[in-house]
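Notes follow the structure.
Numbering (this note's numbering), first residue to last: 118 to 238.
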């Protein structure tokens with residue numbers, strides 16, 4: 118008799134320590150700003166609501182408590198994701214000059230024009 122193997126959920130690809138996260142300086146700043154906002158404003162506000170809801174007693178039918186706990190999980194998950202992305206970030210500035218690569222190489226953030234077989238750009 119064959120035994121059933123448990124079903125596996127979808128595999129989530131996250132930026133781990135071995136993966137490089139190429140990002141512009143502005144993109145990195147947006148990630149950092151979101152992380153600071155979640156840590157300093159949104160999470161403390163939700164923690165306050167959850168603490169208030171928990172003090173009301175019965176938690177099984179307390180929508181504020183249940184929603185707050187779920188929202189805290191979402192916020193914590195997003196903070197972990199942002200932290201991993203920021204730690205793995207390799208900042209590439211598209212405005213920075215690259216020596217000797219003006220006409221021979223394509224680089225991150227470059228604008229490329231090309232000619233087709235008829236010679237049209």
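Idealized CB from N, CA, C, for every residue including glycine.
Inset, instruction - Give the secondary structure of residue 133 by DSSP, where H, G and I count as helix, E and B as strand, and everything else as coil. - result: Here residue 133 refers to the residue found at position 16 of the chain shown. Caution is warranted here: a pLDDT of 49 is assigned to residue 133, below 50, making its placement in the model unreliable, and the coordinate value is therefore given only provisionally. Looking at residue 133 - three-state DSSP - the assignment turns out to be coil, as it is neither helix nor strand.
Inset, instruction - With a 10 Å radius around its C-beta and 16 neighbouring C-beta atoms as the bar for buried, classify residue 167 as buried or exposed. - result: Numbered from 1 along the chain shown, position 50 holds the residue referred to as residue 167. Classification for residue 167: buried.
Legend entry - Buried or exposed (CB count within 10 angstroms, at least 16 for buried), residue 199: Here residue 199 refers to the residue found at position 82 of the chain shown. Residue 199 should be labelled buried.
Inset, instruction - Jot down the residue ranges of each uninterrupted alpha helix (DSSP H) in the region 131-211, minimum 4 residues, whole runs only, in chain order. - result: 142-154, 160-171 and 180-204
Legend entry - C-alpha gap between residue 174 and residue 164, whole angstroms: Residue mapping note: residue 174 aligns to position 57 of the chain shown, counting from 1. Residue mapping note: residue 164 aligns to position 47 of the chain shown, counting from 1. When rounded, the distance between both Cα atoms is 16 Å.
Legend entry - Straight-line gap, residue 159 to residue 169 (C-alpha atoms, nearest Å): Counting from 1 along the chain shown, the entry for residue 159 is found at position 42. Counting from 1 along the chain shown, the entry for residue 169 is found at position 52. Roughly 16 Å separates the two Cα atoms.
Legend entry - From 203, 190 and 236, residue whose alpha carbon lies closest to that of residue 139: Taking the chain shown and counting its residues from 1, the one referred to as residue 139 is at position 22. Of the candidates 203, 190 and 236, the one whose C-alpha sits nearest the C-alpha of residue 139 is 203.
Inset, instruction - Within the same chain, show all residues whose beta-carbon is closer than 7 Å to that of residue 155, passing over the 5 residues directly before and after it, in chain order. - result: Locating residue 155 in the chain shown gives position 38, where the first residue counts as 1. Only 192, 195 and 196 meet the Cβ criterion.
Inset, instruction - Please state if the CB of residue 184 and the CB of residue 171 are separated by a distance shorter than 8 Å. - result: Indexing the chain shown from 1 puts residue 171 at position 54. Indexing the chain shown from 1 puts residue 184 at position 67. No, these two residues do not count as a Cβ contact at 8 Å.
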